[in-house]
Amino acid sequence: LFDLQDVGCRFYTYLYTLLYALQAAAEFDLPMIVLDRPNPLGGEVMEGNILEPEFTSFVGYPIPIRYGLTIG
Numbered sequence: 006l007f008d009l010q011d012v013g014c015r016f017y018t019y020l021y022t023l024l025y026a027l028q029a030a031a032e033f034d035l036p037m038i039v040l041d042r043p044n045p046l047g048g049e050v051m052e053g054n055i056l057e058p059e060f061t062s063f064v065g066y067p068i069p070i071r072y073g074l075t076i077g
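Each residue of the sequence shown is one higher than the last, beginning at 6 in our numbering.
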């Protein structure tokens with residue numbers, strides 16, 4: 006069960022933590038439930054540059070700074 010509210014910003018690591026949890030669950034063939042919460046910033050605006058792929062890390066994937074989506 007994954008239940009964290011994200012603000013839709015690249016610098017928050019909840020999205021990347023979810024990615025690692027999903028990969029681990031898949032490795033052991035375990036089900037994963039992700040609870041979706043409303044974006045507290047509204048989720049209607051995307052802005053900022055997209056991270057260059059060569060700089061991908063735990064604190065950044067090639068997505069806009071403010072991607073405006075929910076974690077689910």
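Beta carbons: idealized from backbone N, C-alpha and C, even for Gly. The model shown is predicted, which means the values in this text are computed figures rather than measured ones.
Residue i - partner residues in DSSP beta bridges
| i | result |
| --- | --- |
| VAL39 | PHE7 |
| ARG71 | CYS14, GLU52 |
| GLY47 | Answer by DSSP bridge pairing: none, since GLY47 is not bridged. |
| GLY65 | SER62 |
Coarse secondary structure for residue i, derived from DSSP in three states
| i | result |
| --- | --- |
| GLU32 | helix |
Cβ separation of residue i and residue j, assumed to be a contact under 8 Å, to the nearest whole Å
| i | j | result |
| --- | --- | --- |
| PHE7 | MET37 | 7 Å |
Below 8 Å, how does it come out for the segment 59-72 and the segment 13-28: are there three or more Cβ pairs, yes or no? yes
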